[in-house]
Structures are given as C-alpha cells and as structure tokens.
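Those protein sequences? They're chains E and Y, same order as listed.
Residue numbers are given in the numbering used here: position 10 of the first sequence equals residue 10, and the series is strictly consecutive.
So the numbering used here is basically just the index in the second sequence, starting at one, shifted up by 10.
Using N, Cα and C, we set each Cβ at its ideal position, and we do this for glycine too.
Note that the structure is a prediction, hence the values are computed from the model and not measured.
What follows is one structure encoded as structure tokens, with my remarks underneath.
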Amino acid sequence: ERHINPKDEL
Amino acid sequence: MNIFRLSGDVCHLVAIIILFLKIWRSKSCAGISGKSQLLFALVFTTRYLDLFTAFISIYNTVMKVVFLVLAYATVSLIYFRFRKSYDSESDSFRVEFLLVPVAGLSFLENYSFTPLEILWTFSIYLESVAILPQLFMITKTGEAESITTHYLFFLGLYRTLYLANWVWRYHEEGFFDQIAVVSGVVQTIFYCDFFYLYFTRVLRGSGKMTLP
C-alpha cells in the first residue's frame with residue numbers, strides 16, 4: 001500500500 | 011532525521027538569512043525578484059498549515075515558524091520598506107504562468123482530495139518553480155551581485171541535499187514520496203545552469219556574475 005508521507009520534512 | 015536533511019535545512023536557513031541580511035544592510039532590494047520571494051512565502055504558507063494540527067518535533071515546529079517569519083519579513087522589505095529600490099521592470103516574469111498550472115496539477119495529481127493535502131501538493135509543485143522569476147531576472151539584467159549568487163547557491167545546495175536525503179531514506183526506511191521527489195528533481199535541475207555559472211564565474215573571484 002502506498003507509503004503515506006508522514007510530512008515530517010520541511 | 012539524517013545528516014543530508016539536517017544540512018539541507020541548515021543551507022535553506024542560511025540562504026534565507028543571507029538574502030534578508032543583504033537587503034536589510036544594503037537597504038536595497040536591487041536585483042532581487044520580489045515575485046520569487048512572494049512565491050516562497052506562499053509555498054511556506056500553504057505547506058505549513060499543519061503547524062497547528064500536527065506536531066512532529068520541536069525542531070520541525072521551530073523551523074517552520076522561522077521560515078514563515080523570515081519569508082514574510084523579506085517580502086515586506088521588498089514591497090514596503092525598500093520598495094523604491096525594487097526593480098519591478100526587470101522582475102517581469104508572468105507568475106500566473108506558474109500558479110495556474112501548479113494549482114491545476116495539484117488538483118489532478120495528489121494523494122488525497124482533501125484541502126490540506128491539495129494545499130500541501132500545491133506547495134510542493136510551487137516550490138519547484140518559485141525560483142524561476144529570480145533566475146529570469148538575472149538573465150534579463152545580465153548580471154547578479156555576488157551575494158545574490160551565494161543566496162542561490164545555498165538554495166540549490168539545500169535542494170541537492172534533499173535529493174541525497176531521499177536516497178538515504180529510501181535505502182534506510184523504504185520511504186519514497188513520488189510527488190515530493192519528482193518535484194524536487196525538477197527544481198534541482200533548474201539550478202544546474204546556475205551552478206555552472208556560479209562555479210565558473212563567481213568562485214573564480216570575478217565578484218559579480220555576468221552572463222555571456
């Protein structure tokens with residue numbers, strides 16, 4: 001399943 | 011967090027500080043594209059909306075606030091405090107040619123059709139083209155002050171380090187964000203031409219970068 005980006009990058 | 015991403019964020023911060031201090035101390039924004047700075051402020055605004063909804067880490071929150079504050083402070087220096095030195099004639103890139111396709115694409119190609127996700131996607135696509143007005147302005151005026159080229163160098167370095175960060179994260183964590191990576195590669199490619207000029211001209215001590 002598509003690895004959802006944890007949005008931990010700036 | 012890895013060394014590539016941390017040093018990338020530091021380079022990004024250095025770039026933004028270099029630009030802010032250059033304008034503040036020279037009391038002039040000559041040669042600076044206000045449009046690019048507006049686009050960067052828009053990138054941070056649409057990307058950091060999760061500042062209040064998702065807590066990642068102190069570092070993450072602090073850096074987001076710092077980037078937002080410095081971006082808006084730089085825009086206000088250009089368009090208000092030192093607006094007399096703003097060269098709007100040379101800063102003539104049609105940003106609508108960037109905003110419309112980027113907005114359209116963020117509605118078409120995203121991970122989920124929710125406001126926050128679409129705005130995040132918009133910010134990712136927008137960041138890859140936000141520097142174009144500045145690069146266009148340099149080709150138009152045919153030159154750039156060396157401090158401006160150092161600003162662009164650190165921005166380009168931040169993007170290059172983020173590519174290394176994604177290679178590392180893919181290798182270590184299996185992390186791969188297609189939208190961010192594709193967009194980041196496109197953005198870094200825009201800097202290649204500049205990097206060539208930077209290393210062949212500015213670092214040769216010619217001070218100013220004048221285009222052929």
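- Check whether residue 198/Y and residue 169/Y have beta carbons under 9 Å apart: Translated into positions along the second sequence, residue 198/Y becomes position 188. Translated into positions along the second sequence, residue 169/Y becomes position 159. Between residue 198/Y and residue 169/Y, the CB-CB gap stays under 9 Å.
- Task: Using a Cβ cut-off of 9 Å, pull out every chain E residue sitting near residue 120/Y, in sequence order please.
- Result: Numbered from its first residue, the second sequence carries residue 120/Y at position 110. Residues of chain E passing the Cβ test: none, with the nearest at roughly 11 Å.
- Just how far apart, CA to CA, sit residue 114/Y and residue 12/Y? Counting from one through the second sequence, the residue named residue 114/Y turns up at place 104. Counting from one through the second sequence, the residue named residue 12/Y turns up at place 2. In a straight line, the C-alpha of residue 114/Y is about 33 Å away from that of residue 12/Y.
- Tell me, to the nearest whole angstrom, how far the beta carbon of residue 44/Y is from that of residue 89/Y; I am working on the premise that it is less than 8 Å. For the purposes of this step, residue 44/Y is taken as residue 34 along the second sequence, with counting starting at 1. For the purposes of this step, residue 89/Y is taken as residue 79 along the second sequence, with counting starting at 1. Beta-carbon to beta-carbon, residue 44/Y and residue 89/Y are separated by about 6 Å, close enough to satisfy the 8 Å threshold.
- Which residue from 143/Y, 216/Y, 77/Y puts its Cα closest to that of residue 42/Y? The residue labelled residue 42/Y in the question sits at position 32 within the second sequence. Ranking 143/Y, 216/Y, 77/Y by Cα distance to residue 42/Y puts 143/Y first.
- Message: Any beta carbon of chain Y sitting closer than 9 Å to that of residue 2/E?
- Response: Against the first sequence, residue 2/E aligns to sequence position 2. The predicted position of residue 2/E is uncertain, since its pLDDT is 49 and thus under 50; no value can be drawn from it.
- Task: Give, in chain order, every unbroken run of the alpha helix (DSSP H) that is at least 4 residues long and sits entirely within the stretch 14-74 of chain Y.
- Result: 44-57, all fully within the stretch 14-74 of chain Y.
- Expected contact under 8 Å - CB spacing of residue 219/Y and residue 159/Y to nearest Å: Taking the first residue of the second sequence as 1, we reach residue 219/Y at position 209. Taking the first residue of the second sequence as 1, we reach residue 159/Y at position 149. Cβ-Cβ separation between residue 219/Y and residue 159/Y: approximately 5 Å, consistent with a contact (criterion under 8 Å).
- Taking buried to mean at least 16 other C-beta atoms within 10 Å of its own C-beta, is residue 32/Y buried or exposed? Walking along the second sequence from the start, residue 32/Y turns up at place 22. Counting C-beta atoms within 10 angstroms of its own C-beta, residue 32/Y has 16 or more neighbours from the protein chains shown and is therefore classed as buried.
- Query: Is the stretch 20-40 of chain Y touching the stretch 192-209 of chain Y in the sense that three or more CB pairs, one from each, lie closer than 8 Å?
  - Reply: With a cut-off of 8 Å on Cβ pairs, the stretch 192-209 of chain Y is not in contact with the stretch 20-40 of chain Y, counting fewer than three such pairs.
- Query: Between residue 64/Y and residue 9/E, is the Cβ-Cβ spacing less than 9 Å?
  - Reply: As a first step, residue 64/Y must be located in the second sequence, where it is residue number 54. As a first step, residue 9/E must be located in the first sequence, where it is residue number 9. The Cβ-Cβ distance between residue 64/Y and residue 9/E does not fall below 9 Å.
- Item | Cβ contact check for the stretch 132-139 of chain Y and the stretch 16-29 of chain Y: 3 or more pairs under 8 Å | Contact between the stretch 132-139 of chain Y and the stretch 16-29 of chain Y is absent, with fewer than three C-beta pairs closer than 8 Å.
- Message: To be precise: take each residue of the stretch 106-131 of chain Y, compare its Cβ to all Cβ atoms of chain E, and keep it if any distance is under 8 Å. Which residues remain?
- Response: Cβ contacts with chain E: 121, 130.
- Item | Short CB-CB distance (under 9 Å) between residue 219/Y and chain E | Reading the second sequence from its first residue, position 209 is the one you call residue 219/Y. No, because no Cβ of chain E sits closer than 9 Å to the Cβ of residue 219/Y.
- Within 10 angstroms of its Cβ, does residue 210/Y collect 16 or more other Cβ (buried), or is it exposed? Taking the second sequence and counting its residues from 1, the one referred to as residue 210/Y is at position 200. When all chains shown are included, residue 210/Y counts as exposed.
- Counting only beta-carbon atoms, is residue 89/Y nearer than 9 Å to chain A? Among the chains of the structure shown, chain A does not appear; the protein chains present are E and Y.
- Task: Determine the DSSP secondary structure at residue 182/Y, reduced to helix, strand or coil.
- Result: Reading the second sequence from its first residue, position 172 is the one you call residue 182/Y. Residue state, collapsed to three classes: helix.
- Among all the DSSP beta bridges, which residues are the ones paired with residue 220/Y? In the second sequence, counting from the first residue as 1, residue 220/Y sits at position 210. Beta bridge pairing from DSSP links residue 220/Y with 153/Y.
- Pairing CB atoms from the stretch 201-208 of chain Y with CB atoms from the stretch 153-167 of chain Y, are three or more of them under 8 Å? With a cut-off of 8 Å, the stretch 153-167 of chain Y and the stretch 201-208 of chain Y count as touching, because enough Cβ pairs lie within range.
- Message: Is the beta carbon of residue 203/Y closer than 9 Å to that of residue 147/Y?
- Response: The residue given as residue 147/Y occupies position 137 in the second sequence. The residue given as residue 203/Y occupies position 193 in the second sequence. No; because the gap between Cβ atoms is not below 9 Å, this pair is not in contact.
- Just curious, the alpha helix (DSSP H) that residue 190/Y is in, first and last residue? Along the second sequence, read from residue 1 onward, the residue named residue 190/Y stands at position 180. That run of the alpha helix (DSSP H) goes 188-210.
- Query: Three-state secondary structure (DSSP) at residue 93/Y?
  - Reply: One-based indexing of the second sequence puts residue 93/Y at position 83. In the structure shown, residue 93/Y sits in a helix (DSSP, three-state: H, G or I).
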